[in-house]
Each structure stands twice: as C-alpha cells, then as structure tokens.
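Heads up: the sequence shown begins at 4 in this note's numbering, then just goes up one per residue. We treat Cβ as the ideally placed atom computed from N, Cα and C, and that holds for glycine. Source: prediction; values computed, not measured.
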Amino acid sequence: MSESHDPLRSLFQQAAATGQSRAQAAPVSTITRRGRRAHRNLLAAVAVGVALVVGGAGVGVAALVGRHPSGSVPATPPSPSSSSSLLPSHPQGTTTTAPPPSPLPTTTPPAGISPSRTGPPPTPTRTTTGVPTTTPPRSQTAGSSPTGAPPH
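Written as structure tokens, this is what we have:
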C-alpha cells in the first residue's frame, strides 16, 4: 500500500489544515490575566511555606524555653496580700483566710563550691617553690574527648 493513497493519512492532513486556518492567538488581556493569577498563586504558596516554617520554629523555641528543671522554684514566694485579693467574696460580710503558704525547699551547694562553677573541683598542684596552688580543670567542649585527642 502506497503512503500517498492512505485514506487515514489524508484525513489527518485535512484536519490539520482546518485547525491551522481556524487557530488564532489568545488576546493579550487573557494571557496577562493568566500570568498574574499564576504569580499570585506562587506568592501565596511561598507565604504559606514561610508561615509554616516560622510557626514551627516558634513552637520549637517555645518548647525549649518552656521547660523548667524539676528543682526550679520562684525567686520569691507570692505575697499574701496578692493571694487574698484573688479569693472570692463571701455573702453576709464573712471572710475566710487562706492557709499560709508552705515553705519552699531550698538547695544550697556544699561549702567551698561556687554555684556558678560547673565541672570537677580544681586539682592541687605543686610549684617550684613547694607551695601548693590550685588550677582549674580543663574545660571540655562538645565533641572533645577527655584525653585531648580529636573526635573521630
């Protein structure tokens, strides 16, 4: 069968010629509207992504900041005058008093240890004069080994 006499091929060519004659470019205003809509959608997607990242970071920071060690206590106990103002008023002029606040447990470091220092106590060493002195321990950073060898 010869390709020039193929009826299906000739029908496709005729349809292509008809489509080309009827085709025309879209108006500029339509193309502009489509472009602006796509740009708005892109900006909205970026804004949502940024909001999610910022919100997630805020939640993470709040979770880290909101943690309190179990031994933490307020710097000063609440004053009785502020707690008595929060009590509900009773009818007929009667009032009740709140129980006194319980004493808060306090922790003090053992004698000779400063609360601002962390780590082991200093080790006594001897100098050439024979007078013992103390040297602070070597501070270890995260990832360093106690032997001073680099981490692997």
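In the structure shown, the three-state DSSP call for P10 is helix. Here DSSP, grouped into helix, strand and coil, assigns A28 to coil. Under the three-state reduction of DSSP, T35 is assigned to helix. Note on geometry: alpha-carbon atoms of V51 and P83 lie some 48 Å from one another. Each residue's CA atom was taken as its position, placing V49 and V62 some 20 Å apart. Between R39 and A28, the alpha-carbon positions lie close to 18 Å from each other. Taken through DSSP and simplified to helix, strand or coil, T21 comes out as helix.
Straight through space, the alpha carbons of V56 and R70 are spaced by roughly 22 Å.
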